[in-house]
Each structure stands twice: as C-alpha cells, then as structure tokens.
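Residue numbers (this note's numbering): 3 to 399.
To start, the structure under review is shown below, and the notes come after it.
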Amino acid sequence: MRRFYSCVLAVIFTATFASAQTAYTNGALAAKKRFTDRELMAITEPYVGVRTAEGIQPGLFKITPTGESTAAIVAAADTFLKSLTSAQLLKTQFAVDDTEWRRWFNVDNGIYTRQGTSMREMNADQKAAARNLMAATLSARGLDLTDAIRQTDQTLKELNDGAIHLDEELYFFTVMGVPSAADPWGWQIDGHHLVINAFVLGDQIVMTPTFLGAEPARTTTGKYAGNTVLQKEQNDALAFMQSLSAEQQKTATLSTEKRRNSIQAEALKDNATIDYAGVSVATFTDAQKAQFLALAENYIGNLRDRHAANWMQQLEDHINDTWFAWIGSTEDDGVFYYRIHSPVILIEFDHQGPVGTRSINPGRQPIRDHIHTIIRTPNGNDYGKDLLRQHLETHHR
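So this is what it looks like as structure tokens:
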C-alpha cells in the first residue's frame with residue numbers, strides 16, 4: 003500500500019502538475035480523492051495511540067509541573083489569533099479536543115486539502131505573528147530546520163516548472179482551544195514535509211506527532227542553493243551504527259536490503275502497532291548510551307531548550323526499555339532506515355524513493371535525497387491526548 007501511494011505521488015509530480023501548473027487532470031483528482039478517503043477512514047477510528055501488540059502501557063504520563071514557563075508561547079498564540087481576519091479565524095481555530103489535530107499529511111497540496119490559514123494567505127504582520135509562535139515553541143535550531151524544509155518546497159517548485167501545489171508559503175496554521183496559562187490548548191503547522199503538533203497544558207508541552215522531511219535533502223541549484231536538511235540526523239545515525247560491534251550491528255539489523263519505503267508511523271497511523279525490534283539499548287555500554295542519546299537529541303532538541311531537557315529526561319528514565327533498529331546499508335554512502343523506540347518516544351528516519359526530484363534522481367529505489375522522519379509519543383500521548391484525558395476527568399466531571 004505504501005509503495006502504491008508513492009507511485010501515485012510520482013505520477014502526479016511528473017505527469018500532472020509539471021506539464022499543467024494551473025489545471026487538474028482526472029487522474030490527479032482521483033488521487034486527491036483517495037487521500038481524502040484515507041483520512042476519513044483514519045480519523046473515524048477512535049484514537050488509541052501507537053503501541054506494541056501487547057497494547058497500551060498505562061501510567062506513563064502525568065500532569066506534573068515542570069517549572070518551565072509557557073507564557074511566551076501563550077502570548078505568541080494570542081497575538082497570532084488577534085492578527086487574523088474574521089474569515090481567517092473561522093477556519094483556523096478549533097476546540098482543544100477536535101479531530102482537526104489528527105488531520106495532517108506530509109504530502110503536497112495538490113493531492114491533500116488542508117485546514118487553517120496558510121502563510122501565503124497572510125499579510126506581513128500575520129506571517130510575523132505565525133513565525134513568532136513557532137519561535138516561542140521551538141529552539142533556534144528547530145526554527146531554522148522548519149525554514150530549511152519550507153525552502154526545499156520552493157526548490158521542488160523550481161524543479162517542477164513552477165507547479166502550483168509547491169511553495170515555501172503553502173504551510174497551514176491551526177490553533178486548538180484558547181491559549182491559556184492553565185487550560186489545555188495547542189497549535190499545528192501542516193504542510194509538505196513539515197508537520198508539527200504542539201499541545202500545551204500549564205507548563206507542559208507535548209510536541210508530537212512531528213513530521214520532518216525533505217526532497218531534495220541537499221539543494222544545489224536555484225534560489226536556495228546550498229540548503230541542506232536532516233544531514234546530521236542521517237550522518238550521526240550512520241556513524242553510531244558503524245561504531246557498534248559486529249554482533250550489535252547484526253542484532254540491530256532487521257534487513258540488509260533497503261528496496262522500499264520503510265517508515266511505519268507516518269500520517270494517518272495514529273494507532274499503528276509497532277513491536278520493539280533490533281538491539282536493546284540496555285545492552286549498550288555507557289559510552290554507547292551517551293552516543294545514542296545524542297542521536298535522539300537531534301530530534302528532541304527542536305523543542306525549546308528547557309522543555310527539550312525535560313523530554314530528554316523522559317527518554318533517559320526509560321533508556322533500558324529502549325530499542326534501536328536498522329534496515330539497509332552501513333556503507334558511507336548507503337541508504338537506510340532506523341528506529342528509536344521506547345515506551346515514551348518513537349523516532350523513525352527513512353530514505354525514500356524519489357518523487358518530486360525524478361528529473362534529477364531517476365528510478366524508484368530509496369535515495370539519500372529524499373528523507374522522511376516522524377517523532378511520536380507512543381502509548382496514547384500523541385497530541386497530548388493522555389494529559390488532556392486526565393485534565394478533563396479532573397476538571398470536567
């Protein structure tokens with residue numbers, strides 16, 4: 003099924019929009035309908051959360067003060083909402099428990115209809131307010147990464163003859179709930195290769211699911227020549243895998259062949275069943291554990307610094323219940339997939355087949371120039387769902 007939809011994307015990029023930037027074909031509209039149908043099926047299924055075959059592990063997440071203020075995020079969200087017109091506000095703000103949280107996709111805008119207000123629809127002040135909301139939530143590194151990902155979409159536009167479904171400003175913002183220092187709320191950005199869900203309750207933040215991707219991962223031409231995305235996440239993982247003993251590498255490796263897309267917890271997979279696999283981090287030396295944690299921090303560190311430290315602590319508290327899995331090559335130029343999987347965090351990195359860059363990357367096999375990553379909170383706390391449940395049980399009986 004995943005390979006089928008990759009083929010659909012490739013056809014749309016190369017056959018539809020590249021040759022007709024202002025009109026749909028029947029084939030493209032059929033693909034758009036398929037994505038709509040898939041989403042409706044997914045969100046109709048009650049949320050449970052990513053878990054193993056044994057089911058949800060309860061009691062992992064608590065409403066606990068962190069001591070790290072979220073006042074700047076609340077203020078930024080309030081300013082953003084006040085900057086919108088009435089028409090924009092109507093399509094941007096939803097209830098905190100709305101299924102809108104689950105309506106996101108990493109695919110382009112030609113085959114998926116997004117909610118909210120896009121940056122393209124905003125004036126300069128509104129764009130600044132949206133960016134300030136991101137800056138208040140993310141670390142400086144995380145904010146830079148979102149810029150770089152959006153810039154790759156502009157590069158794709160150049161590579162596909164100005165196709166209308168690609169643009170660095172086709173990223174849509176929604177806000178769930180009313181920004182508050184005490185009550186639950188959150189915000190989402192949704193666009194091609196960039197999705198962030200940020201749930202806020204008091205001084206706690208849950209920033210999953212977060213999808214970060216790029217094609218091309220390294221830009222050599224055009225407006226953003228020199229732009230690179232997710233290279234550290236790629237290179238650090240390969241260096242870590244190469245540093246493991248032969249026996250550890252063998253245990254970690256699920257397959258030495260990487261012939262297709264391998265990611266399992268992408269969009270519409272809120273209830274995916276993924277068992278622990280690979281090598282147990284409990285078997286690592288202290289030095290290996292430190293290197294492993296540094297790899298995970300590449301992702302966790304996209305959240306604002308002090309809250310990221312709290313998130314890292316959650317992973318460290320479960321370090322001996324964490325697993326590392328690998329698919330593909332360990333050669334210096336190899337393509338691969340890896341997974342970090344613990345009771346409190348799931349991270350996937352995947353080299354994918356070319357879609358929007360087939361003019362420079364012929365073929366269908368996974369390449370380094372197309373990367374997908376997903377970060378989730380397993381066991382029922384994506385979108386802060388478990389924290390929200392606890393809050394509502396306590397305050398709205």
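Backbone N, C-alpha and C fix where the C-beta goes; we use that ideal spot for every residue, glycine too.
CA-CA distance, residue i and residue j?
{"i": "Leu-232", "j": "Pro-218", "result": "11 Å"}
{"i": "Leu-214", "j": "Ile-376", "result": "6 Å"}
{"i": "Glu-235", "j": "Arg-40", "result": "30 Å"}
{"i": "Glu-170", "j": "Thr-94", "result": "19 Å"}
{"i": "Ile-151", "j": "Thr-115", "result": "20 Å"}
{"i": "Asn-304", "j": "Leu-135", "result": "14 Å"}
{"i": "Ala-132", "j": "Thr-287", "result": "43 Å"}
{"i": "Thr-258", "j": "Thr-332", "result": "9 Å"}
{"i": "Pro-364", "j": "Val-357", "result": "9 Å"}
{"i": "His-397", "j": "Gln-117", "result": "29 Å"}
{"i": "Gln-392", "j": "Lys-64", "result": "8 Å"}
{"i": "Leu-389", "j": "Gly-204", "result": "11 Å"}
{"i": "Phe-242", "j": "Lys-291", "result": "10 Å"}
{"i": "Asn-28", "j": "Phe-37", "result": "14 Å"}
{"i": "Thr-54", "j": "Ser-85", "result": "43 Å"}
{"i": "Asp-185", "j": "Thr-212", "result": "22 Å"}
{"i": "Pro-345", "j": "Asp-272", "result": "15 Å"}
{"i": "Asp-371", "j": "Ile-349", "result": "19 Å"}
{"i": "Val-98", "j": "Gly-336", "result": "43 Å"}
{"i": "Gln-315", "j": "Thr-81", "result": "32 Å"}
{"i": "Leu-250", "j": "Asn-322", "result": "As written in the sequence, residue 250 is Gln, which differs from the Leu given in the question. Looking at the two C-alpha atoms, the distance is approximately 15 Å."}
{"i": "Asn-162", "j": "Arg-220", "result": "16 Å"}
{"i": "Leu-394", "j": "Pro-380", "result": "20 Å"}
{"i": "Gln-59", "j": "Phe-96", "result": "29 Å"}
{"i": "Ala-74", "j": "Leu-145", "result": "15 Å"}
{"i": "Ala-289", "j": "Gln-244", "result": "14 Å"}
Of all Cβ atoms in chain D, is any one closer than 8 Å to the Cβ of residue i?
{"i": "Ile-377", "result": "In the displayed structure, chain D is absent; only one protein chain is listed."}
Please name the residue in the options whose C-alpha comes closest to that of residue i.
{"i": "Ala-239", "options": "Ser-120, Gly-112 and Arg-341", "result": "Arg-341"}
{"i": "Tyr-226", "options": "Lys-159, Met-178, Asn-381 and Ala-289", "result": "Lys-159"}
{"i": "Ile-45", "options": "Tyr-301, Leu-390, Gln-293 and Ala-269", "result": "Ala-269"}
{"i": "Ile-276", "options": "Thr-287, Arg-378, Ala-150 and Asn-312", "result": "Arg-378"}
{"i": "Gly-382", "options": "Leu-62, Thr-38 and Asn-28", "result": "Leu-62"}
{"i": "Thr-210", "options": "Leu-145, Val-52 and Thr-66", "result": "Val-52"}
{"i": "Phe-351", "options": "Arg-360, His-343, Ile-373 and Arg-122", "result": "Ile-373"}
{"i": "Arg-261", "options": "Met-314, His-353 and Ala-267", "result": "His-353"}
{"i": "Asp-362", "options": "Lys-35, Thr-222, Ala-248 and Met-43", "result": "It should be noted that the sequence gives Ile, not Asp, for residue 362. Here the closest residue by C-alpha is Thr-222."}
{"i": "Ala-78", "options": "Ala-89, Ala-25, Ile-321 and Ala-138", "result": "Ala-138"}
{"i": "Val-283", "options": "Ile-58, Asp-272 and Asp-319", "result": "Asp-319"}
{"i": "Thr-253", "options": "Thr-148, Ala-289, Asn-312 and Trp-325", "result": "Trp-325"}
{"i": "Ala-274", "options": "Ala-25, Tyr-49 and Asp-192", "result": "Tyr-49"}
{"i": "Leu-147", "options": "Asn-312, Asn-300 and Asp-323", "result": "Asn-300"}
{"i": "Leu-246", "options": "Pro-181, Thr-285, Trp-313 and Ala-73", "result": "Thr-285"}
Starting from the C-beta of residue i, find all residues in its chain whose C-beta is less than 8 Å away, skip the five residues before and the five after it, and write them out in chain order.
{"i": "Leu-256", "result": "Ala-279, Gly-280, Ala-327, Trp-328 and Ile-329"}
{"i": "Ala-216", "result": "Ala-150, Ile-151, Thr-154, His-195, Val-231, Leu-232, His-372 and Ile-373"}
{"i": "Leu-83", "result": "Leu-91, Thr-94, Gln-95, Val-177 and Pro-181"}
Excluding the five sequence neighbours on either side, which residues of its own chain have a C-beta within less than 6 Å of the C-beta of residue i, listed in chain order?
{"i": "Phe-201", "result": "Gly-188, Val-208, Tyr-385 and Gly-386"}
{"i": "Leu-369", "result": "Inspection of the sequence shows that residue 369 is occupied by Ile rather than by Leu. The residues are Pro-356 and Asn-363."}
{"i": "Asn-312", "result": "Thr-68"}
{"i": "Gln-293", "result": "Phe-242"}
Our contact map puts residue i next to residue j with C-beta atoms below 8 Å; I'd like the distance itself, whole angstroms only.
{"i": "His-309", "j": "Thr-68", "result": "7 Å"}
{"i": "Arg-306", "j": "Ser-141", "result": "6 Å"}
{"i": "Thr-157", "j": "Gly-224", "result": "6 Å"}
{"i": "Gln-190", "j": "Ile-198", "result": "7 Å"}
{"i": "Tyr-173", "j": "Ile-265", "result": "Not a contact, Cβ separation roughly 21 Å."}
{"i": "Ala-298", "j": "Leu-317", "result": "6 Å"}
{"i": "Met-43", "j": "Trp-103", "result": "That pair is no contact at about 17 Å."}
{"i": "Val-76", "j": "Ala-183", "result": "6 Å"}
Determine the DSSP secondary structure at residue i, reduced to helix, strand or coil.
{"i": "Leu-62", "result": "coil"}
{"i": "Phe-82", "result": "helix"}
{"i": "Gly-319", "result": "Sequence check: residue 319 is Asp here, not Gly. DSSP places Asp-319 in helix when its eight states are reduced to three."}
{"i": "Arg-360", "result": "coil"}
{"i": "Glu-350", "result": "strand"}
{"i": "His-195", "result": "coil"}
{"i": "Cys-9", "result": "Confidence is the limiting factor: at Cys-9 the pLDDT is only 43, short of 50, which leaves the residue's position unreliable, though a coordinate-based value still follows. Cys-9: helix per DSSP, three-state reduction."}
{"i": "Phe-286", "result": "coil"}
{"i": "Met-124", "result": "coil"}
{"i": "His-167", "result": "coil"}
{"i": "Gln-236", "result": "helix"}
{"i": "Thr-309", "result": "The residue asked about is misnamed: residue 309 is His in this sequence, not Thr. In this structure, His-309 counts as helix in the three-state DSSP scheme."}
{"i": "Gln-367", "result": "coil"}
{"i": "Ser-247", "result": "coil"}
{"i": "Phe-37", "result": "helix"}
{"i": "Phe-19", "result": "Legend: pLDDT at Phe-19 = 45, less than 50; position of this residue unreliable, value from coordinates given subsequently. Correct three-state label for Phe-19: helix."}
Just to confirm my understanding: we take residue i, look at its own chain, exclude 5 residues before and 5 after, and list those with CB closer than 7 Å. What are they?
{"i": "Arg-143", "result": "Gly-303 and Asn-304"}
{"i": "Thr-119", "result": "Leu-86, Gln-90, Lys-93, Thr-94, Phe-174 and Phe-175"}
{"i": "Arg-128", "result": "Note that residue 128 is Gln in the sequence shown here, rather than Arg. Contacts found: Ser-85 and Leu-86."}
{"i": "Met-121", "result": "Lys-129, Ala-132, Glu-171 and Tyr-173"}
{"i": "Arg-105", "result": "Glu-41, Ile-45 and Gln-117"}
{"i": "Asp-110", "result": "His-167, Leu-168 and His-194"}
{"i": "Ala-267", "result": "Val-52, Ala-274, Ile-276, Leu-348, Glu-350, Ile-376 and Arg-378"}
{"i": "Glu-47", "result": "Asn-273"}
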